[in-house]
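First residue of the sequence shown? That's 23 in my numbering, and the numbers climb one at a time after it.
First up is the structure itself, then whatever we jot down about it.
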Amino acid sequence: MAAPKRLTPDALAVALAERTGHAFADRQRLQRALTHASARGVNSGTDYERFEFLGDRVLGLVVADMLLAAFPDAAEGELSLRLNALVNAEALSQIAEDIGLPNLIRAGSDVRGLEGRKRVNLRADALESLIAVLYLDGGLEAARAFIHKYWQPRSQASGAARRDAKTELQEWAHQAASAVPTYQIDGREGPDHDPLFTVSVKVGAFRPATGSGRSKREAEQAAAAALLVREGVWVHEGGAA
């Protein structure tokens, strides 16, 4: 990640007003929300993580409400698949990139150099933190307007309701190898409040595939998806091949 612009609270509020459509009243809080712990002093608090916690819940609520209205005939299982596809770390990281958020995150040099899954998680966390501040500063309607603007088009995309990767892999494994997928935890790192799991999955004689995630289930899903993509069952972004 490129070195962030060291904007003043006022300049940061102006930059994010253009991206969110909201004029922030509490600009100091906005700056705290986009300041990673690596850029803070030892005794400076954990605002970033607390905002991330709240933003995750606000996002889930608004997206769930949006899906209920958009797909009145969808069963709970389909709604859950659509929700998971819209609020996972990859989707949030992409939206963060779309709105230019990474260059506005204040972080230590060691964090700015992250790659791969850790960078995805950092951008996803920052976007959740921003959503929390939108909610605290402007209420649910301010957060809803922002979420609808960037998530609603994605909710209508052709691959938005792709089947659960583990379920898909289990059915494919039975047909292709008369086998059951086996998952193994290969590693766990990071602090307790933000762990990163690495999991591998094996199907019969096929080469194992690996995936990472902030929970064991998410890592298993990523590993299953990686194997499905590699074997041509799924295309990289979308539904079945």
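For glycine and all other residues, C-beta sits at the position ideal for the given N, C-alpha and C.
Span separating the alpha-carbon of T42 from that of L250: 36 Å
A148 versus G130: straight-line alpha-carbon distance, rounded: 14 Å
Contact set for A187: own chain, Cβ-Cβ below 7 Å, skip 5 residues either direction: Q243, A246, A247 and L250
Buried versus exposed call for Q53 [16 or more other C-beta atoms within 10 Å across all chains shown]: buried
Identity of the residues DSSP links to T232 by a beta bridge: S222
Beta strand (DSSP E) segment containing G209, residue limits: T204 to E211
Cβ-Cβ distance between S200 and F73 below 8 Å: no
C-alpha distance - A35 paired with Q50, whole-angstrom precision: 9 Å
Residue(s) in a DSSP beta bridge with T189: According to DSSP, T189 bridges with nothing at all.
Sequence-distant residues of its chain with Cβ nearer than 6 Å to I153 (five each side left out): G77, V80, L81 and A165
Three-state secondary structure (DSSP) of R28: coil
Cβ-Cβ distance between Y264 and V225 below 8 Å: The structure shown has nothing for residue 264, since the chain only spans 23 to 263.
Extent of the continuous alpha helix (DSSP H) to which A92 belongs: D69 to A92
Local Cβ density within 10 Å of L105, reported as buried at 16 or more and exposed below that: buried
Euclidean distance between Cα positions of A111 and R236: 9 Å
Assigned secondary structure, V251 (DSSP; H/G/I helix, E/B strand, else coil): helix
CA nearest to the CA of A241, picked from W173, Q192, R139 and H44: R139
Spatial distance of Q174 from M88 (CA atoms): 8 Å
Contact set for A37: own chain, Cβ-Cβ below 7 Å, skip 5 residues either direction: L29 and L126
Outcome for H215 when other beta-carbon atoms lying within 10 angstroms are tallied against a minimum of 16: exposed
Whole-angstrom C-beta distance between R229 and F219, which should lie under 8 Å: F219 to R229, Cβ: 21 Å. No contact.
Same chain, Cβ closer than 7 Å to D69, neighbours up to 5 away in sequence not counted: R54 and A55
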